[in-house]
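Numbering (this note's numbering), first residue to last: 7 to 92.
Even for Gly, the Cβ is constructed at its ideal location relative to N, Cα and C.
Input: a single structure, listed below in structure tokens.
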């Protein structure tokens with residue numbers, strides 16, 4: 007019980023840190039569109055992010071999930087990146 011509370015607190019700290027951009031797991035439909043658009047239908051052509059990454063762990067992402075990362079950019083306003091969880 008206490009262990010789960012610590013885990014939830016740690017997740018909140020990791021995901022809300024000012025240096026960590028917004029991360030979200032894409033749905034299967036969204037992931038398919040991104041794979042077709044940016045990777046020619048082969049998800050393994052996307053850049054990778056490891057399952058051991060603290061944000062990936064905090065999100066509960068699994069191998070094969072596609073993560074959308076939205077970063078603030080001084081020139082573009084926002085930049086969006088996609089990563090395949092390996």
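#1: Using CA coordinates, which residue listed in 79, 75, 81 and 80 is at the minimum distance from residue 87?
#2: What separation, rounded to the nearest whole angstrom, lies between the Cα atoms of residue 84 and residue 26?
#3: Is DSSP giving residue 86 helix, strand or coil here?
#4: How big is the Cα-Cα spacing for residue 17 and residue 29?
#5: Of all the beta strand (DSSP E) runs that stay within the bounds of the stretch 12-75, which reach a length of 3 or more residues?
Per the coordinate set shown:
#1: Mapped onto the chain shown, residue 87 falls at position 81. Ranking the options by Cα distance to residue 87, first place goes to 75.
#2: Stepping through the chain shown from its first residue, residue 84 is reached at position 78. Stepping through the chain shown from its first residue, residue 26 is reached at position 20. Looking at the two C-alpha atoms, the distance is approximately 14 Å.
#3: For this step, residue 86 is matched to residue 80 along the chain shown. In the three-state scheme derived from DSSP, where H, G and I count as helix and E and B as strand, residue 86 is classed as strand.
#4: Reading the chain shown from its first residue, position 11 is the one you call residue 17. Reading the chain shown from its first residue, position 23 is the one you call residue 29. Roughly 12 Å between the two C-alpha positions.
#5: Fully enclosed beta strand (DSSP E) runs of no fewer than 3 residues occupy 28-31 of the stretch 12-75, in order along the chain.
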